[in-house]
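Here is the structure we will look at.
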Amino acid sequence: MNPKDWWLAAVAATSMVAPLAEAASQPGDRIGVVTAVRPTIRSTTGSRVVYVGNDVLFGERLATDATGVIHILFMDQSSITLGPNTEVTIDEFFFHPERQPAGVAAGIQIKEERKDGIAVNLVKGFLRVVGGLISKRSPTRITTSTATLGIRGGITLVEAQDNQTRGIFLFGDEMQMNSPDGRHMRSVTRPGFGLVGRAGGMDDPFRVPVAEFTGMLALFEGRPLPGGAPPPPRGPLLSTSDRPGGAATPDTALAIDRLDRAILNINTGDPRSSLHGLLGTGDAPVQS
Amino acid sequence: MSRNRFRMPVCRMVAVAAGALSLIGGAAAQTSTAADIQRQVDDAFKEVMAKADSAEARTRYASLLVKAENFEGGIAALEGLLLAPDAPAGIRVELAFLYYRLGSYALAEAYLREALADPRLDDLLKQQANTLLADVVRRNQVSHLSGSLMAGLRVQRNPTAATSEGRILAAGVLVPRDDRTRPKSDVDAHLWGKLDHTYDLGAQNEATVVTSLVGYANHFSSVDSHAYRPGNTDPFDVAVIAASTGIRFKPSPTDLPGLTLRPHLLLGQMLLNGHRYFVTGGLGIDGSYRISERLSWGGGYEARRFSYNARPDITDSERASGTEQSLRLRGAVETGVNRALIGEIGFIDRGAERRHLEFSGTEARVAYIFSYVDPVANSGSIWTTTLSGSALQRRFRGADPAIDPTIRRRDTEWRFSVLNSMPLARDIALQVQLEYTKTPSNIPNYEYSNLAGSVGVMWKF
Chain A
2 MNPKDWWLAA VAATSMVAPL AEAASQPGDR IGVVTAVRPT IRSTTGSRVV
52 YVGNDVLFGE RLATDATGVI HILFMDQSSI TLGPNTEVTI DEFFFHPERQ
102 PAGVAAGIQI KEERKDGIAV NLVKGFLRVV GGLISKRSPT RITTSTATLG
152 IRGGITLVEA QDNQTRGIFL FGDEMQMNSP DGRHMRSVTR PGFGLVGRAG
202 GMDDPFRVPV AEFTGMLALF EGRPLPGGAP PPPRGPLLST SDRPGGAATP
252 DTALAIDRLD RAILNINTGD PRSSLHGLLG TGDAPVQS
Chain B
475 MSRNRFRMPV CRMVAVAAGA LSLIGGAAAQ TSTAADIQRQ VDDAFKEVMA
525 KADSAEARTR YASLLVKAEN FEGGIAALEG LLLAPDAPAG IRVELAFLYY
575 RLGSYALAEA YLREALADPR LDDLLKQQAN TLLADVVRRN QVSHLSGSLM
625 AGLRVQRNPT AATSEGRILA AGVLVPRDDR TRPKSDVDAH LWGKLDHTYD
675 LGAQNEATVV TSLVGYANHF SSVDSHAYRP GNTDPFDVAV IAASTGIRFK
725 PSPTDLPGLT LRPHLLLGQM LLNGHRYFVT GGLGIDGSYR ISERLSWGGG
775 YEARRFSYNA RPDITDSERA SGTEQSLRLR GAVETGVNRA LIGEIGFIDR
825 GAERRHLEFS GTEARVAYIF SYVDPVANSG SIWTTTLSGS ALQRRFRGAD
875 PAIDPTIRRR DTEWRFSVLN SMPLARDIAL QVQLEYTKTP SNIPNYEYSN
925 LAGSVGVMWK F
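As structure tokens, this is what we get:
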């Protein structure tokens, strides 16, 4: 099969479900688009076969099988990636593009309406959430049978199995996990840390080993076909295109704490400065 | 004369107005550029939604998001490309850099290792990935030891800070200066080392134990003995060891993620010609507030006790014992890629057992650090130059009767330095520094200037 055909083939079966009574978007409203699939053909009676480019409609239940992965881009520029054996429902998607700073024209009155929000019910499986415009203003909510996660402006991996929910915070302001009965709550603000919630309890935040991330990434990726075409010649890195030459000195050109590094380099590069900081400004009888 | 008196204020007003207008104009230009980029992002997003199967549309959208500094959005745009069986090997390197720029170092490391395991990765990407991986591994370590060691040679015109004035004060009378105390140039060899250790406690407030140890020793060519010599007019060989340890943490990681504090302890000792000169110990607190990646404020307060030994070669040395308090405020701004301007102002109060040894002072320092590709050999290595200047004004609280019982010393020490670091190998650099010091004083005994040039090799690990 031509790789392009694979790329376009069905990966998941979906079925229409009744919209939630409280949903702000209307059932059938377009809330996003499928931008990538890892194809394994499966069909289920009464379900909709999903292709790249298909609209994702409010109220749909999305499900993947043992090898399927699906990547969805939403109208607020956020995305979710469903891993294998995963089932989700978008319970809420409320987005007012005209409220965004770039879209506000002079003189438009903003009505007092319901706040933007996105809520996902993760029935089972693996989910990667990358926040967009909505998550900058109100937390993205992910509900499972054993916990509810609130993610403020960020990127999170969530895994829901029968008896526990694991959330791994990758970036953002905060990830908060609440137990269904509201008695337990933990929060994480450091990238690379996670939380586990289960019936009756919740663990303290823990550091996720790097090796574990490698295993998780494999769930969300395709694997190269043997004998593929050689890669085309590439230009400069896209991810550093706003800072030419930054890839050669990432700690001083790209890192978020690069100013701290500059201050450190000034103090440690010159022994006299370093000693001046440690020994004060006394009137020593020596020049240095 | 009266016209000149009005012309200066008018000129100043015009200059201020022109400066303000250019700042406003610059800000307006920046805002319109940001609005243009956002418009392009919105258009590119619409294209992706319409042509979801187009990798080119997605890549173009991701590129614009990076330009808008929306790295999270760039990740959302690029991660889906990994599902394609023929996804380029470089996508993982791109994602690693984006996660790195967000401060998510564990995932950056995972993507880099995956990318480097892909045989399709070309040499340039491999080199970039390895450069980033070295930094990311350091950041992901719970316990990390690093440091530097430097050996160098320095030549100075006036290492003893001797006055060049021909007449000095003695008991209030101007007398000819002893020729033995004139400025004399000298050469010294020095060794300097720093060890830094951090231990991440794994708390959500990023509490980390930070410990530093510094050692310095030098030897002047004119020093042939470390025996005490009363009335010594030669420079002293200096040996210093100092350490600080503290806990760096974020007091409010949710509400003030840019705020970091570091209470710490300090200890130190200086030897002159192998004999103890002083020991010092104290405590302090540093703080920094990162407003953005390009602007941060900081400062600190320290209080330390100096205990000087009595020495036959330094008059009344033990009377300098006392407490020093200092308050420093700092601002740092990134002026371009690999370019930063740092300014600091300090207020110092030093106590002692004799009023003429006590002083209060104000210090201002400015430094500009910038890196660039080797301009000489075009080797591709990155040179770093630091231009710095400082002024330390001291006002002593009492008069020294041995100098002049009626004059309280006032001096201002000006320092200007150019420091250039040129890599010789991955962790070894050649360092060249030129420093000029000039200290005007109201007492001729304390007026001096010095020019020092040094060259050294530094190894960072």
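Line by line, the protein sequences are chains A and B.
For the record, in the first sequence the residue sitting at position 242 is 243 according to our numbering, with numbers rising by one throughout.
For the record, in the second sequence the residue sitting at position 153 is 627 according to our numbering, with numbers rising by one throughout.
Note that the Cβ used here is the ideal one computed from N, Cα and C, for glycine as well.
Look up residue i in the DSSP assignment and say whether it is helix, strand or coil.
i: T913 of chain B; result: strand
i: H420 of chain B; result: Nothing about residue 420 of chain B can be read from this structure; chain B reaches only from 475 to 935.
i: H185 of chain A; result: coil
i: A717 of chain B; result: strand
i: S240 of chain A; result: helix
i: L598 of chain B; result: helix
i: F59 of chain A; result: coil
i: A542 of chain B; result: coil
i: E680 of chain B; result: coil
i: V610 of chain B; result: helix
i: H830 of chain B; result: helix
i: G732 of chain B; result: coil
i: G626 of chain B; result: strand
For residue i, would you say it is in contact with chain A, using Cβ-to-Cβ distances shorter than 9 Å as the test?
i: T533 of chain B; result: yes
i: N614 of chain B; result: yes
i: A536 of chain B; result: yes
i: K466 of chain B; result: A question about residue 466 of chain B goes unanswered here, because the residues of chain B that appear run from 475 up to 935.
i: F519 of chain B; result: yes
i: I816 of chain B; result: yes
i: I856 of chain B; result: yes
i: F935 of chain B; result: no
i: G577 of chain B; result: yes
Between the Cα of residue i and those of the options, spot the shortest distance and give me the residue it belongs to.
i: R273 of chain A; options: B:D510, B:G548, B:V567, B:V892; result: B:V892
i: A701 of chain B; options: B:S853, B:I856, B:A717, B:D787; result: B:D787
i: L238 of chain A; options: B:D517, B:T507, B:V540, B:S855; result: B:V540
i: D901 of chain B; options: B:D708, B:Y920, B:V616, B:D609; result: B:D609
i: N55 of chain A; options: B:A524, B:N924, B:W933; result: B:A524
i: D174 of chain A; options: A:G195, A:A161, A:I152; result: A:I152
i: G742 of chain B; options: B:G756, B:V647, B:S800, B:R736; result: B:G756
i: T682 of chain B; options: B:D652, B:H693, B:F723, B:V647; result: B:F723
i: Q905 of chain B; options: B:S864, B:G689, B:S791, B:I856; result: B:I856
i: S923 of chain B; options: B:T634, B:R829, B:Q799; result: B:T634
i: D670 of chain B; options: B:L803, B:A644, B:R628, B:S622; result: B:S622
i: T36 of chain A; options: A:L196, A:P210, A:T82; result: A:T82
Locate the beta strand (DSSP E) running through residue i, then write down its first and last residues.
i: P251 of chain A; result: That residue, P251 of chain A, is in no beta strand (DSSP E); its alpha helix (DSSP H) goes 251-254.
i: Q799 of chain B; result: 796-810
i: G158 of chain A; result: Position check: residue 158 of chain A holds Leu in this sequence, whereas Gly was assumed. That run of the beta strand (DSSP E) goes 156-161.
i: I642 of chain B; result: 641-644
i: I91 of chain A; result: 88-95
i: G118 of chain A; result: 118-131
i: R587 of chain B; result: That residue, R587 of chain B, is in no beta strand (DSSP E); its alpha helix (DSSP H) goes 579-590.
i: G168 of chain A; result: 165-172
i: K668 of chain B; result: 660-674
Whole angstroms is fine: what's the gap from residue i's alpha carbon to residue j's?
i: I881 of chain B; j: I917 of chain B; result: 8 Å
i: G705 of chain B; j: S895 of chain B; result: 39 Å
i: I119 of chain A; j: R62 of chain A; result: 15 Å
i: A542 of chain B; j: G761 of chain B; result: 30 Å
i: L134 of chain A; j: D77 of chain A; result: 5 Å
i: R656 of chain B; j: G854 of chain B; result: 46 Å
i: Y535 of chain B; j: Q514 of chain B; result: 9 Å
i: R824 of chain B; j: R869 of chain B; result: 10 Å
i: G772 of chain B; j: L220 of chain A; result: 43 Å
i: E887 of chain B; j: R628 of chain B; result: 20 Å
i: T1 of chain A; j: V159 of chain A; result: No information on residue 1 of chain A is available, as it lies outside the stretch 2 to 289 that chain A covers here.
Examine chain B for any beta-carbon lying closer than 9 Å to the beta-carbon of residue i, and answer yes or no.
i: G104 of chain A; result: Note that G104 of chain A scores a pLDDT of 35, beneath 50, so its modelled location is shaky; the value from the coordinates is reported in the next line. So, interface residue.
i: T190 of chain A; result: yes
i: R244 of chain A; result: yes
i: Q288 of chain A; result: The predicted position of Q288 of chain A is uncertain, since its pLDDT is 43 and thus under 50; a value taken from the coordinates is nonetheless stated next. By this cut-off, Q288 of chain A is an interface position.
i: Q162 of chain A; result: no
i: L239 of chain A; result: yes
i: I91 of chain A; result: no
i: T65 of chain A; result: no
Following the continuous alpha helix (DSSP H) through residue i, name the residue where it begins and the one where it ends.
i: R191 of chain A; result: Per DSSP, R191 of chain A belongs to no alpha helix (DSSP H) and is neither H nor E.
i: M217 of chain A; result: 211-220
i: I565 of chain B; result: 564-576
Would you say residue i touches the ligand COA, meaning its beta carbon is less than 8 Å from a heavy atom?
i: K525 of chain B; result: Absence of the ligand COA from the depicted structure is noted, as is the absence of any ligand whatsoever, leaving it without description.
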